[in-house]
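Below is one structure, written out as structure tokens; the observations come after it.
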Amino acid sequence: MDILYFPKEEEEEKEFQGITKNCKELILSLPKVKGWRTPNLYLFQRFWCQPKEIQAIISAQTHFEAHDSDVIIATIPKSGTTWLKALVFAIVNRRRFDVNSIDHPLLRSNPHDLVPFLEYKVYADNQVPNLSNLDSPRLFASHVPYTSNCKVVCICRNPFDTFVSIWHFMTNIRPNNLGPFSLEEAFDMYCMGQVGYGPYWDHMLGYWKESLNSPQKVMFLKYEDLKEDVNLQVTRLAEFLGCLFSAQEKRDHVVEDITKLCSFQNMKNLEVNKDGKSILNFDNKGLFRKGEVGDWVNLLSEEMVERLSQIMDEKLAGTGLEFPNILKS
Ligand code: A3P
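Using our numbering, the letters of the sequence shown correspond one by one to residues -13 to 315.
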């Protein structure tokens, strides 16, 4: 008898590889929808994610003990995480690592190796590492929409470009045997909040509200503001992180040197970012696509823009958080 071959089942098996029995049971009890690069996304603690992420998040929530001096970079995917990691690393370590040194760690390592994700690196694959010996301030990152009691820097990006960025990223890495995933289908899911670590607006508003309630603990940045004046935002970041630039550093143009080191063109052209794989098995080069504001015009139809604008207007109403009205720009 012929054996029927269902390639999708293979992916379904893979998505639970390394997941403990208890965790699998928990995950299988959760609501699920079609995944963007894995068979399914599950609704865990009111956000959508994949089985391996859920296991690592539970582990991080159980084992991670934040120090007051820690800094966590909190983002929803494709909102400028890589850039922010590089900037924060360069700022807080500038006395250890001269920004102009040809041996600067950012020239040899991808930012995701220097500022590891709790859920993709630190607590991935069932490991519970001892973090107590790491130099202070310890820098970590997370896509999870929760806060910790240490300092958190959050970056968000307008939903149109964030969608376009994640669409390109996911279609590049989506396994063929998961079958087609059209732009329209992805956009529909995005509008329903069904995207990794989404709904997008809940993620963003969670950190936005925390930043209003505890401005010394949570700093909220926008990708667009960084693009407009990165030197200003780097100066604000240093103030928030408790390592202000001295008058001498300002005269020496240290701020500008940091922004140059972390610029899109500079980072994109480094060997380590052309060849390596720093998050799971994704090519680092996929992390540096265009780095522009407004690339959504090349992908989204008028109807799409109108639909998402309406959703965002509803979700952001009365919150004080705004993005420029792109319909009028
Ligand atoms: P595009 O896909 O629009 O080009 P994340 O780091 O959260 O995954 O976000 C990825 C987005 O940030 C990508 O956007 C990428 O090109 C952009 N990006 C990466 N490094 C950057 C940098 N140094 N400066 C500006 N944008 C950057």
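Backbone N, C-alpha and C define an ideal beta-carbon position, used for all residues, glycine too. Computed from a prediction, not measured in an experiment: that's the story for all the values here.
- Boundaries for residue 59: no alpha helix (DSSP H) harbours it, while the beta strand (DSSP E) harbouring it runs 57 to 61, taken from the DSSP string.
- Residue 114 and residue 30 have their C-alpha atoms spaced approximately 21 Å apart.
- Here residue 20 is bridged, per DSSP, to 26.
- Taking non-hydrogen atoms of the ligand A3P into account, the C-beta of residue 249 is found less than 7 Å away from one of them.
- Taking C-beta atoms under 8 Å as the contact rule, residue 138 and residue 78 fail to qualify, at a distance of about 14 Å.
- In this structure, residue 151 has its beta carbon less than 7 Å from a heavy atom of the ligand A3P.
- Per the Cβ contact rule, the region -5 to 3 is in contact with the region 28 to 47 (3 or more Cβ pairs under 8 Å).
- Residue 229 sits away from residue 69, with the two beta carbons spaced by 8 Å or more.
- According to DSSP, residue 34 shares a beta bridge with 29.
- With fewer than 16 other CB atoms across the displayed protein chains lying within 10 angstroms of its CB, residue 267 is exposed.
- Annotation for residue 25 indicates a beta carbon at 7 Å or more from all heavy atoms of the ligand A3P.
- The C-beta of residue 283 has fewer than 16 other C-beta atoms within 10 Å across all chains shown, which makes the residue exposed.
- At the C-beta level, residue 207 and residue 136 stay beyond 8 Å of one another.
- Below 8 Å, enough C-beta pairs join the region 13 to 33 and the region 179 to 193 to call them touching: three or more.
- Straight-line spacing of the CA atoms in residue 265 and residue 164 works out to 21 Å.
- In the three-state reduction of the DSSP assignment, residue 108 falls in the helix class.
- Just so you know, the alpha carbons of residue 42 and residue -3 end up roughly 19 Å apart.
- Rounded to the nearest whole angstrom, the CA to CA distance from residue 175 to residue 22 is 9 Å.
- Remark: the shortest separation between the CB of residue 22 and any heavy atom of the ligand A3P does not fall under 7 Å.
- Counting C-beta pairs with one atom in each stretch, the region 79 to 90 and the region 13 to 22 have fewer than three that are closer than 8 Å, which means they do not touch.
- For residue 200, the number of other beta carbons within 10 angstroms of its own is below 16, and it is reported as exposed.
- With fewer than 16 other Cβ atoms from the protein chains shown falling within 10 Å of its own Cβ, residue 211 counts as exposed.
- A distance below 6 Å between beta-carbons, with the five flanking residues on each side excluded, links residue 149 to the following residues of its chain, in chain order: 176.
- In the structure shown, the three-state DSSP call for residue 64 is coil.
- Contact annotation, residue 127 with residue 103: C-beta distance approximately 5 Å; criterion of less than 8 Å satisfied.
- The three-state secondary structure of residue 224, taken from DSSP, is helix.
- In its chain, beyond the 5 residues on either side, 80, 85 and 231 have a beta carbon closer than 8 Å to the beta carbon of residue 240.
- The ligand A3P has a heavy atom closer than 7 Å to the beta-carbon of residue 61.
- In this model, residue 122 and residue 111 are separated by some 25 Å (Cα to Cα).
- Per DSSP, reduced to three states, the secondary structure at residue 303 is coil, with no helix or strand assignment.
- In the three-state DSSP reduction, residue 168 falls in the coil class, being neither helix nor strand.
- DSSP lists 59 and 103 as the bridge partner or partners of residue 127.
- Under the rule that a run must span 4 or more residues, the alpha helix (DSSP H) segments found entirely inside the region 191 to 256 read 209 to 214, 216 to 226, 233 to 237, 240 to 247 and 250 to 254.
- With fewer than 16 other beta carbons inside 10 angstroms of its own, residue 94 counts as exposed.
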